[in-house]
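Participant:
Residue numbers (the numbering used here): 899 to 1082.
#1: Where do the ends of the alpha helix (DSSP H) carrying residue 958 lie?
#2: Taking just the CA atoms, how far does residue 1043 sit from residue 1079?
#3: Quick check on residue 949: does DSSP put it in helix, strand or coil?
#4: Between residue 978 and residue 920, is the Cβ-Cβ spacing less than 9 Å?
#5: What are the boundary residues of the beta strand (DSSP E) that includes residue 1005?
#6: Please indicate yes or no: does the CB of residue 912 lie closer than 8 Å to some heavy atom of the ligand NAP?
#7: Looking at residue 932 and residue 940, is the spacing between their C-beta atoms short of 9 Å?
#8: May I ask you to list the residues that DSSP assigns as paired with residue 1038?
#9: Are there three or more Cβ pairs, one per stretch, closer than 8 Å when the region 904-911 is compared with the region 1016-1035?
#10: Can you list, in chain order, the residues of its chain with a C-beta nearer than 8 Å to that of residue 1016? Leave out the 5 residues immediately preceding and following it.
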């Protein structure tokens, strides 16, 4: 199987997305409870792979491993991300797409599992982000009562929330309500 991606952003964002599917982060519970949700998750990441019920538990375990990597110090993060890349057998390479743009691709071994394929994408992204942006871009969400994490791949490096559309909005609503209470 071959996984194509534009650069470390894709893998770093996959790490962020995976970590934040956890019931530890989401108030509504597990975001990957079944094969349908896992299939949709893989498709959203651009991983063309059929997944089954046997893939759920290993992907959940990978999620915990990725969170531990994001929370670790710089050297441990590099070691863990390198181990993620090694899980599927072959390292990343570059090729040109039909428009002539360079794209990363990873050839996984024929017996690579779904979590191995995801680990390669994430490991490559984490190593690229660590090398290009630095360890200070691996952060906890700043929203109150949120246990989310993210890799800040923004140009300015000022991202504050794991899921801006959720956590950022939640904080804006709370501030708005506080202003309304202060006025009355």
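All C-beta atoms, glycine included, are put in the ideal place defined by N, C-alpha and C.
Note that the structure is predicted; figures quoted are calculated from it, not measured.
Facilitator: Walking through what the data contain:
#1: The residue you call residue 958 lines up with position 60 of the chain shown. It spans 954-969 - the alpha helix (DSSP H) in which residue 958 sits, taken as one unbroken run.
#2: As a working note, residue 1079 is residue 181 in the chain shown. As a working note, residue 1043 is residue 145 in the chain shown. Cα to Cα, residue 1079 sits roughly 21 Å from residue 1043.
#3: As a first step, residue 949 must be located in the chain shown, where it is residue number 51. If DSSP states are grouped into helix, strand and coil, residue 949 belongs with coil.
#4: To locate residue 978, count along the chain shown from 1; it is residue 80. To locate residue 920, count along the chain shown from 1; it is residue 22. Not a contact, by the Cβ cut-off of 9 Å.
#5: Position 107 of the chain shown holds residue 1005. Segment 1000-1005, the beta strand (DSSP E) holding residue 1005.
#6: Absence of the ligand NAP from the depicted structure is noted, as is the absence of any ligand whatsoever, leaving it without description.
#7: Residue numbering aside, residue 940 sits at position 42 when the chain shown is read from its first letter. Residue numbering aside, residue 932 sits at position 34 when the chain shown is read from its first letter. No, they are not a contact pair.
#8: Translated into the one-based positions of the chain shown, residue 1038 becomes position 140. Bridge partners of residue 1038: 1047.
#9: yes
#10: Within the chain shown, the letter at position 118 stands for residue 1016. The residues are 912, 916, 940, 943, 945, 957 and 960.
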